[in-house]
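S.K.: Positions in the sequence shown are counted from 1; adding 13 to them yields our numbering.
Idealized CB from N, CA, C, for every residue including glycine.
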Amino acid sequence: MSSRRLERILLVGFMGSGKTSVGRSVADRLGWRFIDFDTEVEAEAGAPIPRIFEEHGEPYFRALEERIADRLLGETGVVLGSGGGWAAAPGRLTDVPAGTETFWLAVSPEQAVARASARPGSRPLLAGPDPLERASKLLAERAPVYRSARWTVDTEDASVEDVSSRIQEILTREYPDLRWK
Ligand code: S3P
14 MSSRRLERIL LVGFMGSGKT SVGRSVADRL GWRFIDFDTE VEAEAGAPIP RIFEEHGEPY
74 FRALEERIAD RLLGETGVVL GSGGGWAAAP GRLTDVPAGT ETFWLAVSPE QAVARASARP
134 GSRPLLAGPD PLERASKLLA ERAPVYRSAR WTVDTEDASV EDVSSRIQEI LTREYPDLRW
194 K
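Structural data, given as structure tokens:
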């Protein structure tokens, strides 16, 4: 019998690492809810992320994101897809509430930019003239923090279902009593 209880799963990683699609898949497998930080921020602000950045600036977005993340980390039976920058602030992954398992979905800057380009204009931080250079720099800064997630899953050449299966394998081993659908 597992003595610990899993209450929530927190996915972190760079833009385009698949947090939303993998998060939905894992949530479906568990019959849990999936909640995306960005979606909650947009609902609260009543505006899409690029417009929040444009009209209020990044610090305003970060403050809103922090407040919403604090609330979501109190939910149970949820898979949480964080925004790519949320985990990058110090202490974020070391201060998660008990019952949280953290996964870093790792991706290269090349792959991140390729995936992000499927939705042009959706990532203000990659909107400049050289998205690959920007992504490489940001990812190099953030990787040490992302790495402090308890688990790392490589998403580079993996499908959403592959990554989701890997997470299921890890959690099944760690929490043998966890019920999957
Ligand atoms: C950001 C990532 C985005 C979004 C915002 C800032 C970042 O989320 O929160 O554009 O700083 O990496 P995704 O990682 O879901 O794209």
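Tell me the rounded alpha-carbon separation between glycine 141 and glutamate 169.
M.R.: Taking the straight line joining both Cα atoms gives about 24 angstroms.
S.K.: With distances taken Cα to Cα, identify the nearest neighbour of glutamate 57 among Arg42, Asp190, Glu79.
M.R.: Comparing Cα-Cα distances from glutamate 57 to each of Arg42, Asp190, Glu79, the minimum goes to Glu79.
S.K.: Determine the DSSP secondary structure at arginine 46, reduced to helix, strand or coil.
M.R.: The answer is strand: DSSP assigns arginine 46 an E or B state.
S.K.: What are the boundary residues of the beta strand (DSSP E) that arginine 21 is part of?
M.R.: Taken as a continuous stretch (DSSP letters only), the beta strand (DSSP E) holding arginine 21 covers 21-25.
S.K.: What does the shell around ligand 1 hold, if a residue joins when its beta-carbon is under 6 angstroms from any heavy atom?
M.R.: Listed along the chain, these residues meet the criterion: Met28, Lys32, Asp51, Ile62, Gly96, Gly97, Gly98, Arg136, Pro137, Leu138.
S.K.: Compare the C-alpha of tryptophan 45 against each of Ile65, Val166, Leu23 and name the closest.
M.R.: When each option's Cα is compared against that of tryptophan 45, the closest is Leu23.
S.K.: Can you tell me whether methionine 14 is buried or exposed, with buried defined as 16 or more other CB within 10 angstroms of its CB?
M.R.: At methionine 14 the pLDDT is 43, less than 50, meaning the model places this residue with poor confidence; the figure from the coordinates comes in the next sentence. The residue in question, methionine 14, is exposed, as its Cβ has fewer than 16 Cβ neighbours within 10 Å.
S.K.: Would you call the CB atoms of threonine 52 and tryptophan 117 closer than 8 angstroms?
M.R.: Taking 8 angstroms as the Cβ cut-off, threonine 52 and tryptophan 117 do not qualify as a contacting pair.
S.K.: Alanine 129 lies in the alpha helix (DSSP H); which residues open and close that run?
M.R.: From DSSP, the alpha helix (DSSP H) with alanine 129 extends over 122-129.
S.K.: Would you call glycine 70 buried or exposed, if buried means 16 or more other Cβ atoms sit within 10 Å of its Cβ?
M.R.: It counts as exposed.
S.K.: Buried or exposed: where does glutamate 88 fall if 16 or more other Cβ atoms within 10 Å of its Cβ makes it buried?
M.R.: The residue in question, glutamate 88, is exposed, as its Cβ has fewer than 16 Cβ neighbours within 10 Å.
S.K.: Closest to glutamate 123 by CA distance: which of Asp83, Ile183, Ser135, Lys150 is it?
M.R.: Of the candidates Asp83, Ile183, Ser135, Lys150, the one whose C-alpha sits nearest the C-alpha of glutamate 123 is Lys150.
S.K.: What do you reckon, are the CB atoms on isoleucine 48 and leucine 85 nearer than 8 angstroms?
M.R.: In this structure, leucine 85 lies closer than 8 angstroms to isoleucine 48 by Cβ.
S.K.: Could you name each continuous alpha helix (DSSP H) segment of 4 residues or more that falls completely within the stretch 50-132, going from the start of the chain to the end?
M.R.: Fully enclosed alpha helix (DSSP H) runs of 4 or longer: 50-58, 62-69, 71-85, 122-129.
S.K.: Thinking C-beta only, is tyrosine 159 closer than 8 angstroms to valine 25?
M.R.: Against a cut-off of 8 angstroms, the Cβ pair of tyrosine 159 and valine 25 comes out as a contact.
S.K.: When we look at the beta-carbon of lysine 194 and count the other beta-carbons within 10 Å, is it buried (16 or more) or exposed?
M.R.: Exposed is the call here.
S.K.: Can you give the beta carbon distance from glycine 97 to glycine 36, rounded, assuming they're within the 8 angstroms contact cut?
M.R.: So it is not a contact: roughly 13 angstroms between Cβ atoms.
S.K.: Would you call alanine 119 buried or exposed, if buried means 16 or more other Cβ atoms sit within 10 Å of its Cβ?
M.R.: Result: buried.
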